[in-house]
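The structure under discussion appears below in the form of structure tokens.
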Amino acid sequence: MNKILNNLGLAALHVLGFKQYMLMLMGFVSHFFTILRTKKLTALDKWMSRKLFIRYRGARLCIDCQTVDRLIPEPSYTFGLVREIYISNCYFQFERLNYRFRHVVDLGGNRGIFSLLAARFSDNVIYVEAQPHYAQALVFNMQINGISNIRIVNAYMGAETALTRSGVPSKTIDDIFAEQKLDFIDFLKMDVEGSEFSLFESVTCLAKIRYIALEVHPQYGDPMSIIHCLQEHGFSTNMRDNDLHAIAQPLADRLFYIYAHNSSMISA
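Position 250, counted from 1, in the sequence shown is what the numbering used here calls 281; the numbers after and before it change by one each time, with no gaps.
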């Protein structure tokens, strides 16, 4: 129920506009029993696999979900990311966030839905993704939106895996700073499927990052190690569960989010 409310409420109307919002409601009603049975919105995401026009805090984007789903044939659909990132607003859960950045880094960029939005608020976006086929979806949507301020990096963030052994380079956050010649990062988004633990073990440049929003996958490590690392470097932190409800303690059995900001950089 929480997921439905998060995705079908006023935020969806604001992001999609009236006509597309009504189209989404029609899809929800049409697939209601499938959604009820599976407890997932996958059927709705498939229904919304079409060209969409998005509005977010004054920014406008065209996201061609249909073409991206054809380019990336997976059992999940692009509208699921639209719901998560634009409607539920899962990464920008900060008080008094200034939506004007110089440098944004998107670690675990997937189909590029976050990077496309960040490009509207930033001078420079670094999109990092280990699986190169995702980049073609990003490039397609960049072209139809006239976006040219996203740099694409094909790399795995974290320790060596089968991907790195197959030729995809492994990088750390420090590597991204050095190779992209960054003096600082305004906003770092992380969704690296468990590699966040090894990344925080090796990072030395946290003082140069203003905001961090990351998905934590506790089955791969101790979330408190990340929280302690952030707090030791002067970050204030808060947490939310997958339904974006505030939580006081990290979850041990399911995904949750950490939002951290470096107050010394904010006041600089």
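C-beta: ideal position from N, C-alpha, C; glycine also.
Given the structure is predicted, the values throughout are model-derived calculations rather than measurements.
- Scanning 81, 204, 43, 35 for the CA closest to the CA of residue 70 turns up 35.
- Membership of residue 77 in the alpha helix (DSSP H) is indicated by the continuous run 73–78.
- In the structure shown, residue 115 falls within a helical segment according to DSSP collapsed to helix, strand and coil.
- In this structure, the straight-line span from the alpha carbon of residue 51 to that of residue 151 is close to 21 Å.
- Beta-bridge annotation (DSSP): residue 292 is paired with 242, 267.
- Our two residues, residue 37 and residue 276, have alpha carbons roughly 11 Å apart in a direct line.
- Just so you know, the alpha carbons of residue 160 and residue 54 end up roughly 32 Å apart.
- Taking a 10 Å sphere around the C-beta of residue 241, we find 16 or more other C-beta atoms and assign the residue as buried.
- Counting along the chain, residue 90 sits inside the beta strand (DSSP E) bounded by residues 90–95.
- For residue 82, the enclosing beta strand (DSSP E) starts and ends at 82–87.
- Pairwise C-beta distances place the region 219–229 in contact with the region 131–145, as three or more of them are shorter than 8 Å.
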